[in-house]
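*Asks:*
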Amino acid sequence: MDKMLFCMLIIHFIIIYIVQICQGLTRPLVIGHRGSAYLPELTLESQSMAHALRADVIEIDVCLSRDNQLIVVHDLYLNAISNVENIFPNRNRSDGYHYVIDFNLEELRRLNIHERTSPFTNIQVYPARFPSSSTVQFHLSTLNETIELLLGLSHSTNRQYQLLIEIKNPEYHTQYNRSISSILLSTLNAYNLTELNDPIIIQTFHIEELIHIRKNLLSKLRLVALLTWNWLNESSSDYDFYRSEQGLQNLSTIVQAIAPNMELLVNFALDGSFINVTNLTLLAHKYNLSVYPWTFRRDTFKGNFEQLINIFYKTVKVDGFITSQPDVVIELLEKQTPIPNTLSNQLPSLSCANRTEISLSLFTCKSNESYLEVTDISCRQEKILTFDQTACSPTTFQSLVLTTEKIQTTKSTTRSTLGLYGCPEKNKIGQYCNISNDICKMLGPCKNQGHCYFNETLPLQYMCQCPVGFSGYDCEYDNRICKNNTCWHDGDCVEMNGTVSINNQTTFKCICEYGYDGARCELIRDMCVNITCKNNGICFSSYLSWTCHCLDSSLYSGKYCEHKSTLLVAKQALSKSFASIAIAAIIAVFLFVIIMDILKYVFKIDPVDRERRLMKLEQKKKHLNKNRKKRFRKVPLKVFYIS
1 MDKMLFCMLI IHFIIIYIVQ ICQGLTRPLV IGHRGSAYLP ELTLESQSMA
51 HALRADVIEI DVCLSRDNQL IVVHDLYLNA ISNVENIFPN RNRSDGYHYV
101 IDFNLEELRR LNIHERTSPF TNIQVYPARF PSSSTVQFHL STLNETIELL
151 LGLSHSTNRQ YQLLIEIKNP EYHTQYNRSI SSILLSTLNA YNLTELNDPI
201 IIQTFHIEEL IHIRKNLLSK LRLVALLTWN WLNESSSDYD FYRSEQGLQN
251 LSTIVQAIAP NMELLVNFAL DGSFINVTNL TLLAHKYNLS VYPWTFRRDT
301 FKGNFEQLIN IFYKTVKVDG FITSQPDVVI ELLEKQTPIP NTLSNQLPSL
351 SCANRTEISL SLFTCKSNES YLEVTDISCR QEKILTFDQT ACSPTTFQSL
401 VLTTEKIQTT KSTTRSTLGL YGCPEKNKIG QYCNISNDIC KMLGPCKNQG
451 HCYFNETLPL QYMCQCPVGF SGYDCEYDNR ICKNNTCWHD GDCVEMNGTV
501 SINNQTTFKC ICEYGYDGAR CELIRDMCVN ITCKNNGICF SSYLSWTCHC
551 LDSSLYSGKY CEHKSTLLVA KQALSKSFAS IAIAAIIAVF LFVIIMDILK
601 YVFKIDPVDR ERRLMKLEQK KKHLNKNRKK RFRKVPLKVF YIS
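Numbering (our numbering), first residue to last: 1 to 643.
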């Protein structure tokens, strides 16, 4: 009997274990966006907390420093997350920003990192998060430090890490002659992170860079294509095409997944409620692409966050969630709450008459005749709720308990139906009726300095008056010749009025900052154009600078290679001396010949005539003597004796 009980317990635990494994396999991935939202973004502390909160993947961003270090930071500039303006007040560019690529690692380590604020205002972007005014010091880290951290945590917690690395704006880094992708792959290679099954994923908005990584750099790592709208100008990639079926089919040969912003998968109303699902997820799955939408932020979503997660999990069927609160999303996914079609059928009806305490979910009640006056949760201010006499229809899942202070029945046909925190003033909303419901003030939907007009009669309750050169409902389309990014590197764009291009469009001219050239200031100027390196030195151009490389550093030195070594000077002096003597000798001979010719042919004086005659007489005598010897030549006689 004991053995049977023991076996049953073993089987029970095995079944529980298998169920847990299956649940772990079927649940979508939860990806910690910039680590987690509970500490300043992308710090080692934030990444550690994301791992502790059981995030399946930790997402980070990398930019290059001046000395080519991969810095874990989201923006190309530092002003939103650090005290860089205080530490380096004179290192900003003409636009006021301090850019990561202008600082080396040693300088970046001097900065204190805080929760994200609006640049130059110190207004915290997410007020409910870690206070940006805190004196606790956080610092930037490198990719190497992040990998070392996760390797250590994986060892100490016995839980495998996964790291999703976003390459920030590869096109921007290319302007500085930097290949951030090559540097990234070299860094990962040092940790033997090169294969498809390694815990590394690379993503970027620049689709062409992903193609370059796969086909030219021959990386086997998993790749993810970030997708959004073209008008956001995240890169030069055509997102409209890559969201199409043909574009997704092309992507499937390069990447393993897409990461669109969640509004590309689901259409939302202004209040955050769900309208319908697009076909993007379905098309992506058709070509075996996983879908990881971004960014799920509980502290900023206007609707019901639990319902949002359920919609994307059950209806959209995404493969993962990129979220700032991984613990919240994991908890909601593990609950696996189904989405009821008719919520009123899921919960019992609530009678509203003669009740002094009512346990409610958030709901909407309709009534023309009766209303219930109750206090809100904090009991600080009275709010009005209207009820049907028999039942209320719940619309969300979050339970609340409201205490009735006064029940009245009245003939009132003038009061409209109100939500849980309905306010007496129609233009106010919120728990304490202190927030304007003016869409223009709440959302500021008009872009590019368009003027917003609130109008409840319009479908979206507002309209935008666009400045000259802009169009679209939200003034989102920039029709100007000189757009914000027409001229790169802070170049000034000037419209050439009266001048047209081949296609009859008004042209423009970019007045470039020092160090840049090209029609759009896209090229780094060749700084060697007006530089002459001496002594056969060669000029090498770099960003806003140049360097003369001398022919032989042991013989030449100086900025222009203009200085010569003592040994070379001595050799050159000796060579000049020998050369001078030789030249003087040649000149002397030349002058001698000229003087002799002048004396001979002009003054009929031949200084060598006597010597020449003597030489001729001597030669003549020798000739005569020779002939004489031939004339009186001895004849040999032969004598024979005969005996």
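Ideal placement from N, C-alpha and C gives every residue a C-beta, glycine not left out.
Quick one: what's GLU59 bridged to in DSSP?
*Replies:* Looking at the DSSP assignment, GLU59 forms a beta bridge with HIS33 and LEU164.
*Asks:* Pick from CYS493, VAL318 and TYR453: whose alpha carbon is nearest that of CYS475?
*Replies:* Nearest option by C-alpha distance: TYR453.
*Asks:* Assuming GLN256 and SER290 form a contact by the criterion Cβ under 8 Å, report the distance between their Cβ atoms to the nearest whole angstrom.
*Replies:* Going by Cβ atoms, the distance from GLN256 to SER290 rounds to 6 Å, so yes, they are a contact pair.
*Asks:* Taking its Cβ as the centre, do 16 or more other Cβ atoms sit within 10 Å of TYR462, making it buried, or is it exposed?
*Replies:* Flag for TYR462 reads buried.
*Asks:* Just verifying my parser: in three-state terms, what is the DSSP assignment at GLN256?
*Replies:* Correct three-state label for GLN256: coil.
*Asks:* Strictly by DSSP, which residues pair up with LYS604?
*Replies:* Per DSSP, none; premise fails for LYS604.
*Asks:* On the DSSP letters alone, give me the boundaries of the beta strand (DSSP E) that THR187 sits inside.
*Replies:* Element bounds for THR187: not the beta strand (DSSP E) but the alpha helix (DSSP H), 180–190.
*Asks:* GLY558: which of LEU567, THR547 and LEU568 sits nearest, CA to CA?
*Replies:* Among LEU567, THR547 and LEU568, the Cα nearest to that of GLY558 is on THR547.
*Asks:* Counting C-beta neighbours from all protein chains within 10 Å, is the total for PRO89 16 or more, i.e. buried, or is it exposed?
*Replies:* Per the 10 Å Cβ criterion, exposed.
*Asks:* Considering only the alpha carbon of each residue, which of PRO28, ASP75, LYS483 and SER132 lies closest to VAL57?
*Replies:* Ranking PRO28, ASP75, LYS483 and SER132 by Cα distance to VAL57 puts PRO28 first.
*Asks:* The beta strand (DSSP E) with GLY320 in it runs from where to where?
*Replies:* Where GLY320 is concerned, the enclosing beta strand (DSSP E) stretches over 320–323.
*Asks:* By the three-class DSSP mapping on this structure, what secondary structure does TRP546 have?
*Replies:* It is a strand residue.
*Asks:* For PRO340, count the other beta carbons within 10 Å of its own beta carbon; 16 or more makes it buried, fewer makes it exposed. Which is it?
*Replies:* Note that PRO340 scores a pLDDT of 40, beneath 50, so its modelled location is shaky; the value from the coordinates is reported in the next line. Classification for PRO340: exposed.
*Asks:* Comparing C-alpha positions only, which one of ILE213, SER471, ASP198 and SER156 sits nearest to SER179?
*Replies:* Measuring from the Cα of SER179, the nearest candidate turns out to be ILE213.
*Asks:* DSSP three-state label for SER359, please.
*Replies:* Residue placement at SER359 is poorly supported in this model, since its pLDDT is 34, which falls under 50; the coordinates still yield a value, given next. Looking at SER359 - three-state DSSP - the assignment turns out to be strand.
*Asks:* Return the Cβ separation of SER181 and GLU208 in integer angstroms, given the expectation that the two are a contact with Cβ distance under 8 Å.
*Replies:* Incorrect: roughly 11 Å between the Cβ atoms, too far for contact.
*Asks:* Going by the DSSP bridge assignment, what does PHE592 pair with across the sheet?
*Replies:* Partner(s): none; PHE592 has no beta bridge.
*Asks:* With a threshold of 8 Å, are at least 3 pairs of Cβ atoms found where one atom belongs to the region 43–55 and the other to the region 135–149?
*Replies:* Judged by Cβ distances under 8 Å, the region 43–55 makes contact with the region 135–149, as three or more pairs qualify.
*Asks:* Just list the beta strand (DSSP E) runs in the region 208–278, keeping only unbroken ones of 3 residues or longer that don't cross its boundaries, in chain order.
*Replies:* Runs found: 222–227, 257–260, 266–268 and 274–277.
*Asks:* If you draw a straight line from the C-alpha of GLN619 to the C-alpha of LYS629, how long is it?
*Replies:* Approximately 16 Å, taken between the alpha carbons.
*Asks:* Fully enclosed by the region 511–561, which beta strand (DSSP E) runs are 3 residues long or longer?
*Replies:* Listed in chain order, the complete beta strand (DSSP E) runs (minimum 3 residues) inside the region 511–561 are 538–542 and 545–549.
*Asks:* Look up ASN309 in the DSSP assignment and say whether it is helix, strand or coil.
*Replies:* Looking at the sequence itself, residue 309 is Ile, so the reference to Asn does not match. Of the three classes helix, strand and coil, the one that applies to ILE309 here is helix, per DSSP.
*Asks:* Less than 7 Å between the beta carbons of VAL30 and VAL329, yes or no?
*Replies:* Going by C-beta atoms, VAL30 is nearer than 7 Å to VAL329.
*Asks:* Taking TRP488 and GLU522 to be in contact with their CB atoms under 8 Å, please state how far apart those CB atoms are, rounded to whole angstroms.
*Replies:* That pair is a contact at about 5 Å.
*Asks:* If you measure from the CB of SER273, is any heavy atom of the ligand MN nearer than 6 Å?
*Replies:* Among the components of this structure there are no ligands whatsoever, and the ligand MN is therefore not found.
*Asks:* For CYS440, does the three-state DSSP call read helix, strand or coil?
*Replies:* Three-state result, CYS440: helix.
*Asks:* Rounded to the nearest angstrom, how far is the Cβ of GLN249 from that of THR142, given a contact under 8 Å?
*Replies:* In fact, because the Cβ distance is near 37 Å, the residues do not count as touching under 8 Å.
*Asks:* Quick check for students: name the residue ranges of the beta strand (DSSP E) that lie wholly in the region 70–103, counting only runs of 3 or more.
*Replies:* Segments of the beta strand (DSSP E) lying fully in the region 70–103: 70–72.
*Asks:* Would you decide whether GLN381 is buried or exposed? Buried here means 16 or more other CB atoms lie within 10 Å of its CB.
*Replies:* Its pLDDT being 34, under 50, GLN381 is placed unreliably by the model, and nothing is read from it.
*Asks:* So, helix, strand or coil for THR43, using DSSP?
*Replies:* Three-state DSSP puts THR43 in coil, outside helix and strand.
*Asks:* Where does LEU614 sit, in a helix, a strand or coil, going by DSSP?
*Replies:* Looking at LEU614 - three-state DSSP - the assignment turns out to be helix.
*Asks:* Rounded to whole angstroms, what's the CA-CA distance from HIS563 to SER541? Just pull it up for me.
*Replies:* Their backbone Cα atoms lie some 21 Å apart in a straight line.
*Asks:* Taking 8 Å as the limit between beta carbons, can you name the residues of its chain near MET596, skipping five residues before and five after?
*Replies:* These residues qualify, in order along the chain: PRO607 and VAL608.
*Asks:* Given a threshold of 16 other Cβ atoms within 10 Å of its Cβ, counted over all protein chains shown, does TYR77 qualify as buried or as exposed?
*Replies:* TYR77 comes out buried.
*Asks:* May I have the straight-line CA-CA distance separating CYS533 from ALA52, to the nearest angstrom?
*Replies:* For CYS533 and ALA52, the distance between alpha carbons rounds to 59 Å.
*Asks:* Just to confirm my understanding: we take GLU495, look at its own chain, exclude 5 residues before and 5 after, and list those with CB closer than 7 Å. What are they?
*Replies:* The residues are ILE481, CYS482, THR506 and PHE508.
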